[in-house]
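If you read the sequences in order, they're chains A and B. Note that this note's numbering has the first sequence beginning at 1, numbered continuously upward. Note that this note's numbering has the second sequence beginning at 1001, numbered continuously upward. C-beta atoms are modelled at their ideal positions from N, C-alpha and C, and glycine is treated no differently.
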Amino acid sequence: MMRTPVHLRYTLAITAALLTGGSSADAQGSLGALGFGYPVNGVSTRTAGTVGALAEFDALTPINPSSIGGISRTVLSVQTEPEYRTLTIGGVREKTASQRVPLLMVVLPARHGVAVSFSARGFLDRSYTTSTTGSAVLDGATVPTTDKLEMRGAIGDLRGAVGWQIVPRVRVGLGGHIFTGEHQATRQRSFADTLLFGGTLDTSKVTYFGTALSFGGEAQLIKGLAVALSYRMGNDFDARIRDTTRATGAVPARLGAAVRYDGIPGAVFSVGYEQVRWSDMQPMASSRTTASDAANYFGGAEIAGPRVRGYPMMLRVGYARNALPFSNSAQVVQESRLGGGVGMPIARDAASIDFSLQRANRSLAGTTATERAWLLGLGVQIRP
Amino acid sequence: MSERVRWSWSRLRAPLLLLTLVTSSLVAAACTENLEGGAACPSLCPEQSQQFRDTTFEAVALDTSLGGFPSLGLSATMLLANRPDTVVTRNILRYDALVTSFNPNGTGALDSITTIDSVYLRLPLDTSGRRGTAPVTVQVFDVDTTASDTVPAVLRSLFRPDRLLGALTVTPFTTGDTIKIPLSKTAVARKIAAKARLRLGLRLVGGTGQLRPRAFTLGTGAATVQYDPATDTTYRPIAVATTTTIAGATPDVNLAYTVYSLTDVGSPPLTANTLLVGGYPAYRTYLRFNVPARITDSSTIVRADLILTQQRSRFGNANDTVAVLPIVPATTSAVSDLRRILDLAAEGRFAGVDSTRLVPSDSGARTINVLALARNWRNLPTNVPRALAFRISQEGAQPAELRFFNSKAAAGLRPKLRITYLPKSEFVLP
């Protein structure tokens, strides 16, 4: 008698709950919402537990296509990642919450160490609402107004990738990306005197389309020490309003590198670095937005903890320093993240569930604005 | 036989931990999204507000005033006035179908009417139109003729003593909502016996004053001729409503000549460079606008005023506030007859344009809020002219008039549109 179906039902039930439990709208605001939005960089919950340190090596993080090489079982991964932010500026605190499904991914093994994967991940998230009171000068008179701007939308990264484990110590991979999405802005302005003045309700929508290729490799230099390198080469990135291409930039090129040490049984340590050429998107933006290249640093560890039904519970921790890509000045929004996570098998080796919790601190030089955020991750991997 | 399970903390620890993490994560994930912000504005708000623009311009492509309103048969009230220095009118009421038979009490049979009693013209009044504190006499004449009685001169000639059917002296300011004018029993009985029609002409004499009789109520004539079909007072009076039948005429023509008025003295003629609203007979003013598409179609209009320069008027009730009512022409350019366009226009309130109250004796710039109308222009088919017309309140039942300069007047006096708008912008790109 097969036990797997029972475990699968259990796993699928949790998966379904994850997918239906929260709104799927992507969101970001305040410091992170500048420009084209917050770089979600959808990574697996496992990688999120190490705050990105395992991104180059993790098969369920669609960054380095070589990481799927050698996968011998089909893997389906889904996750959710709500974020709770508190913005402080000028003594005023403002709390917002957003829901994200940053990554959906399936990996399908083939023969001879080859595997293919398809994924959809969040790339840039630009959802926020601002409500402000102001005034308008009409015919020389100042009239009080209430303004509300709703911005909704995101740009996603759809990737199809092939990974090949050439020999046990070397893997390479190739990925093709489509970056697509849309932003819809709704601006509402109303006046106190509704008889004399009519409110305005204006909408504007832009769609994005771009492509990119990514390459990656991973090699074990000596026992317990491996390095990974990946590069994403961006092609044209169009911003289209209705049928017209309003601006063309390029999908930001990205270079990433990481070193992993797993020489200690049950423990993995990794440090990484990535450089993203966000300025490739500057031609798509107006003069109000500055896109700056970002250099990000990661460090983290994954350690086998207590065993659950014979399988180890994985404990993760990590730290990262990131530069956010967009600003409304020459200054760059800096972000530091500290996080941890837990991975648990829930259906013997047929499924696992991961949790992550990250604390992010963001600040923009030259302003008093600071932002603190909790990012909670919950992911399920099914290996039927 | 079932296997007994041994429970212990070590066995429960992992499932409980998993359950706790899953539950807390699901609760967090299920929390309502809240993206409301704004504290960081304006320093960090990435989108800048577009500035409103004001423009005042001569947008009138065509403006004119048309007289002869309201159309006969379409006025709920009419004016019966004797104000020689202002307005003098007569009213015509047609009763072309007098009741000539009745049911004697309790017999169930139908008998011809041979004798009548208590013959009155029952005239409901709109008491808000009373004017005059001195007694005046309402005279009622038989204006039936075989001559062309749609010609005012013919009708006026019939207001003579030998055709007088009845009279009632009243003080207009103290009348109630109905007056009953006794009519000649002999004359009306003769009409009934002959199965003839009764056509009545009313005028005021003997003093200055005005009344506002109700012409129609719920589509039927309001003034009735009443009489008892016998001298026995146990019979209920018969009430005959106004009606007329003109051979070969359409129903609207019949309706037009059921109850109508004649004007002996009316408003001064329309002068050059003038738009006229109201007066007696009443005028309506039509304005067609030419507004750039960049404003109507590519912007959001937040304020729209029609600025008219009022001329001082001394006609009618010049110092009484009067409402000017907007009407919105909705016909396509296939209809070019302005009279027809105005007849088919919709009431302004259906387009969200409210009335404006003005005093005829005032002068200067007057602002009429046309915001709702202007905001709707972008939704109109291109073959529907952007237009607005005005009529006076109590049109045809009061003499007040409002005069404005038209588009041929001096530059500073012409009609203008003042529009505040927000140009449409593609503000979504950061």
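- Identification of chain A residues near Arg-1375 of chain B by a Cβ-Cβ cut-off of 9 Å yields Gly-198, ordered along the chain.
- In this structure, Glu-1401 of chain B lies near Leu-1276 of chain B, with their beta-carbon atoms less than 8 Å apart.
- Residue pairing of Pro-1229 of chain B in beta bridges, as defined by DSSP: absent, with no partner found.
- Contact with chain A is found for Asp-1054 of chain B, since one of that chain's Cβ atoms lies less than 8 Å from the residue's Cβ.
- The closest CA to that of Thr-1089 of chain B, considering only B:Leu-1413, B:Ala-1409, B:Gly-1396, B:Pro-1415, is found on B:Gly-1396.
- Below the 9 Å Cβ cutoff, chain A contributes no neighbours of Ile-1419 of chain B, its closest Cβ being approximately 10 Å away.
- The beta carbon of Glu-1426 of chain B sits closer than 8 Å to some beta carbon of chain A.
- In summary, the residues of the segment 239-264 of chain A whose CB is separated from some CB of chain B by less than 8 Å are Ala-239, Ile-241, Arg-246, Ala-247, in the order they occur in the chain.
- Under DSSP, the beta-bridge partners assigned to Lys-1180 of chain B are B:Arg-1122.
- At a cut-off of 8 Å, the C-beta of Val-78 of chain A has no neighbouring C-beta in chain B.
- No Cβ-Cβ contact shorter than 8 Å links Ala-154 of chain A with Val-206 of chain A.
- Apart from sequence neighbours up to five positions away, the residues of its chain that approach Gln-165 of chain A with a beta-carbon distance below 6 Å are Gly-69, Gly-70, Gly-113, Arg-171, ordered along the chain.
- In the DSSP annotation of this structure, Ala-1256 of chain B is not part of any beta strand (DSSP E); the continuous alpha helix (DSSP H) holding it starts and ends at 1251-1256.
- Within the segment 223-269 of chain A, the complete beta strand (DSSP E) runs of at least 3 residues fall at 225-241, 244-250, 253-261.
- Taking the C-beta atoms as reference points, Phe-1289 of chain B is found no nearer than 8 Å to Arg-1366 of chain B.
- At a beta-carbon threshold of 7 Å, the residues of chain B lying near Ala-136 of chain A are Phe-1052, ordered along the chain.
- Between Val-1322 of chain B and Gly-1278 of chain B, the C-beta spacing is below 8 Å.
- Phe-57 of chain A carries a coil assignment under DSSP once its states are collapsed to helix, strand and coil.
- Cβ-Cβ distances below 6 Å link Pro-1229 of chain B to Phe-1102, Ile-1113, Tyr-1235, Ile-1238 in the same chain, with the five nearest sequence neighbours on each side left out; the list follows chain order.
- Secondary structure of Leu-1380 of chain B (DSSP, three-state): coil.
- For Val-1328 of chain B, there are no C-beta contacts with chain A under 9 Å, since the nearest C-beta of that chain is about 17 Å from it.
- For chain A, the residues of the segment 1297-1320 of chain B that bring a beta carbon within less than 8 Å of one of its beta carbons are Thr-1300, Ile-1301, Val-1302, Arg-1303, in chain order.
- DSSP, read as helix, strand or coil, puts Ser-214 of chain A in strand.
- Taking a beta-carbon distance threshold of 8 Å, Ala-141 of chain A does not count as an interface residue toward chain B.
- Contact annotation: in the segment 1359-1391 of chain B, residues whose CB is within less than 8 Å of a CB in chain A are Asn-1369, Leu-1371, Ala-1372, Arg-1375.
- Around Lys-95 of chain A, the same chain offers Thr-86 as residues with beta carbons nearer than 6 Å, after the five sequence neighbours per side are excluded.
- Non-local beta-carbon contacts of Asp-1320 of chain B in its own chain, meaning distances under 7 Å to residues more than five positions away in sequence, involve Ala-1400 in chain order.
- Comparing C-alpha distances from Thr-1258 of chain B to each of B:Thr-1244, B:Thr-1309, B:Leu-1110 shows the shortest one belongs to B:Thr-1244.
- A direct Cα-to-Cα measurement between Leu-1325 of chain B and Phe-1404 of chain B gives close to 15 Å.
- Taking C-beta atoms as the reference points, Leu-76 of chain A and Ile-346 of chain A fail to come closer than 8 Å.
- Segment contact: the segment 1368-1379 of chain B against the segment 1289-1302 of chain B, three or more CB-CB distances shorter than 8 Å; contact assigned.
- Among the residues facing chain B, Ser-119 of chain A is not included, as its CB has no counterpart in that chain under 8 Å away.
- Where Leu-195 of chain A is concerned, there is no enclosing beta strand (DSSP E), because DSSP gives it neither an H nor an E.
- One thing to note: Thr-74 of chain A has its Cβ within 8 Å of the Cβ of Pro-384 of chain A.
- At least one beta carbon of chain A lies nearer than 8 Å to the beta carbon of Leu-1422 of chain B.
- In this model, Ser-135 of chain A and Lys-148 of chain A are separated by some 13 Å (Cα to Cα).
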